[in-house]
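Visitor: Each residue of the sequence shown is one higher than the last, beginning at 18 in my numbering. A virtual CB, placed ideally from N, CA and C, is assigned to each residue, including glycine. Owing to the predicted nature of the structure, the values given are computational and were not obtained by experimental measurement. Have a look at this one before I ask anything.
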Amino acid sequence: MERVKIKKTPFNAVHHLLGAKMVDFAGYEMPVQYKGINHEHEIVRNKVGVFDVSHMGEILIQGKEALSLIQKITSNDASKLFPGKVQYSCMPNDTGGIIDDLLVYMISQDDYLLVINASNTEKDLSWIQGQNSFDAQVSNISDSISLLAVQGPKAEQVLQKLTDINLKDMEYYTFTIGELAHIPNALLSATGYTGAGGFEIYVENRYAAHIWEALFEAGKEEGIEPIGLGARDTLRLEMGYCLYGNDIDDYTSPLEAGLGWITKFNKDFVHSGFLKIQKEKGVSKKLVGFEMEDKGIPRHGYEILNGNHEIIGTVTSGTMSPTLKKAIGMGYISVENSAVGNKIFINIRNKPTKAIIVALPFINVK
C-alpha cells in the first residue's frame with residue numbers, strides 16, 4: 018500500500034527552527050506547541066499570538082450564478098452578504114448532517130471565497146462540483162495560499178504598524194484587500210477561532226517568509242509569540258466553538274449542534290425540507306457544555322450518564338481549561354437531560370465522574 022505523503026505549509030521550516038513539536042494533522046505536518054499549550058493559551062488571551070493555519074482549504078466560486086450555487090450548498094443566507102463581508106455557514110448533506118462548516122467571503126458580486134476545513138478539502142470540492150448546475154466556476158486555490166491568524170488583544174496594535182488600513186474601523190466578520198507589510202493584495206479579515214479578537218491574513222505563498230518576519234519584528238514590544246494547534250483547541254473550546262470531526266460531522270444536524278442561527282429557511286438549500294421539519298418537531302439531542310465537578314478530564318467518545326448512571330449522551334470535546342483551571346467539555350445529550358444546571362456524570366475509565374451542564378461560552382471575553 019502506497020504511503021500518503023504528508024503535506025507541509027510554507028512556514029514548515031520556521032516551525033522546526035523554533036523547536037516546535039510537530040504532528041500529523043489533517044494530512045499536514047503542523048506545530049502542536051512551541052513552549053507549551055498553557056503558556057501559549059495565556060499569550061493569546063492576554064497579548065498576541067500567531068497561528069499557522071495554512072492547512073485550511075480555500076475555494077473560489079465565480080461567475081454570474083456564483084451566489085445561486087452558494088445559496089444551494091450553504092445553510093446561511095448569503096444574499097445578505099456585501100463586498101467586504103464574511104459569513105459563518107455550514108454545508109448540509111443530503112441526510113441532514115453537516116459536510117463542513119465554513120466561512121464565505123464576498124469579494125464582489127460574482128466572486129466569492131469559501132474557507133473550509135483542511136481535512137475536508139477534497140470532499141467539499143467534490144460535493145460543490147456535484148451540486149454545480151449553475152453558471153459558476155469552482156476553483157481550488159488551497160495550495161497557493163498562506164494563512165496566518167494573528168489573535169489576541171494586542172493583535173490590532175501589532176498589525177497597524179504594517180498597514181495604512183484603519184483596523185480600528187473594521188467590524189467583526191468584515192475584511193479588506195490591500196497592502197500589508199509592503200505585500201500587495203493581502204486579504205485581511207477581522208475573524209478568528211479564539212474569542213480573543215484579532216485578524217486572519219491571506220497572502221500568496223511567495224510572501225510567506227516575508228509576512229512571518231514582518232509580524233514578529235512588529236510585535237516585539239507586544240510580546241508576540243508563535244502558537245500551536247494545542248492552544249488553538251483550548252482557546253476555541255473555552256468559547257464553545259465547534260470543531261469539525263469532533264462536535265459536528267456528517268451525522269449531526271446544524272440544529273442539534275446549536276447552529277440554528279446559521280440555518281435560514283427563507284430559501285431552499287440542500288435538504289432544507291428535512292431540517293425545517295426537524296426544527297418544527299424539535300430535536301431529540303443537542304450539543305451542551307459542561308464543567309467537571311470531580312477530578313478527571315473528559316475526552317472525545319466518553320459516555321455521558323444521568324443520575325442512575327444510564328447512558329444519555331457522548332462527549333465530543335474536552336480539555337483542562339487554562340483560564341478556568343477546571344476541566345470542561347461539550348457533548349450531545351438527550352434534550353430532556355440538557356437543561357443548564359443539570360447534574361450529569363462522565364464515564365472516565367469506567368468511573369462515573371460528576372459534572373454539571375453550563376451555558377456556553379465557558380468564559381466571558383471583552
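Using the Cα positions of L131 and V121, report the straight-line distance between them to the nearest angstrom.
Guide: Rounded to the nearest angstrom, the two C-alpha atoms are 5 Å apart.
Visitor: Secondary structure at A83, three-state DSSP: helix, strand or coil?
Guide: Helix, per DSSP.
Visitor: Assign Q126 to one of three DSSP states: helix, strand, or coil.
Guide: Correct three-state label for Q126: coil.
Visitor: If you draw a straight line from the alpha carbon of N222 to that of V70, how long is it in whole angstroms?
Guide: Looking at the two C-alpha atoms, the distance is approximately 13 Å.
Visitor: Are the stretch 308 to 327 and the stretch 363 to 370 in contact at 8 Å, needing three or more beta carbon pairs?
Guide: In short, these stretches touch, since the Cβ pair count reaches three.
Visitor: When DSSP labels each residue in this structure, what does S206 get in the three-state scheme?
Guide: Three-state result, S206: strand.
Visitor: Go through its chain and collect everything with a Cβ distance to F286's Cβ below 8 Å, but skip five positions before and after it.
Guide: Within the same chain, F286 has close Cβ partners Q88, K89, I90, T91, S92, P109.
Visitor: What runs of the alpha helix (DSSP H), each 4 residues or longer, lie entirely inside the stretch 237 to 322?
Guide: Segments of the alpha helix (DSSP H) lying fully in the stretch 237 to 322: 246 to 255, 289 to 298.
Visitor: Using CA coordinates, which residue listed in G257, A344, N364, A376 is at the minimum distance from G358?
Guide: Nearest of G257, A344, N364, A376 to G358, Cα basis: A376.
Visitor: Counting C-beta neighbours from all protein chains within 10 Å, is the total for T208 16 or more, i.e. buried, or is it exposed?
Guide: So T208 ends up on the buried side.
Visitor: Which class does F362 belong to by DSSP, given the choice of helix, strand or coil?
Guide: F362 falls in the strand class under three-state DSSP.
Visitor: Using only CA atoms, which one of T269, T340, A83 lies nearest to P378?
Guide: The shortest C-alpha separation from P378 is found at T340.
Visitor: Could you tell me the boundaries of the alpha helix (DSSP H) in which T233 lies?
Guide: Reading the sequence as shown, one finds Phe at residue 233 and not Thr. F233 -> alpha helix (DSSP H) spans 225 to 235.
Visitor: For L164, report the span of its beta strand (DSSP E) as first-last.
Guide: Taken as a continuous stretch (DSSP letters only), the beta strand (DSSP E) holding L164 covers 162 to 168.
Visitor: With a 10 Å radius around its C-beta and 16 neighbouring C-beta atoms as the bar for buried, classify K342 as buried or exposed.
Guide: K342 is exposed by the Cβ-count criterion.
Visitor: Kindly indicate the opening and closing residues of the beta strand (DSSP E) around E59.
Guide: Where E59 is concerned, there is no enclosing beta strand (DSSP E), although the alpha helix (DSSP H) it sits in stretches over 54 to 63.
Visitor: What did DSSP end up calling K185 once you bin it into helix, strand or coil?
Guide: The answer is helix: DSSP assigns K185 an H, G or I state.
Visitor: Keeping to the same chain, check which residues put their C-beta closer than 7 Å to that of A172; ignore five residues upstream and five downstream.
Guide: Closer than 7 Å at the Cβ level, and outside the excluded window around A172, lie V65, G214, G215, F216.
Visitor: What do you reckon, are the CB atoms on G348 and T331 nearer than 8 Å?
Guide: Cβ atoms of G348 and T331: closer than 8 Å.
Visitor: Count the other C-beta atoms from every protein chain shown that fall within 10 angstroms of the C-beta of N283, then say buried if there are 16 or more, exposed otherwise.
Guide: That one is exposed.
Visitor: On a Cα-Cα basis, can you pick out the residue from D267, T180, D41, S125 that is closest to V21?
Guide: Out of D267, T180, D41, S125, D41 has the C-alpha closest to the C-alpha of V21.
Visitor: Can you list, in chain order, the residues of its chain with a C-beta nearer than 8 Å to that of I329? Leave out the 5 residues immediately preceding and following it.
Guide: Cβ within range, chain order: I321, L322, N323, I350, S351, N354, I361.
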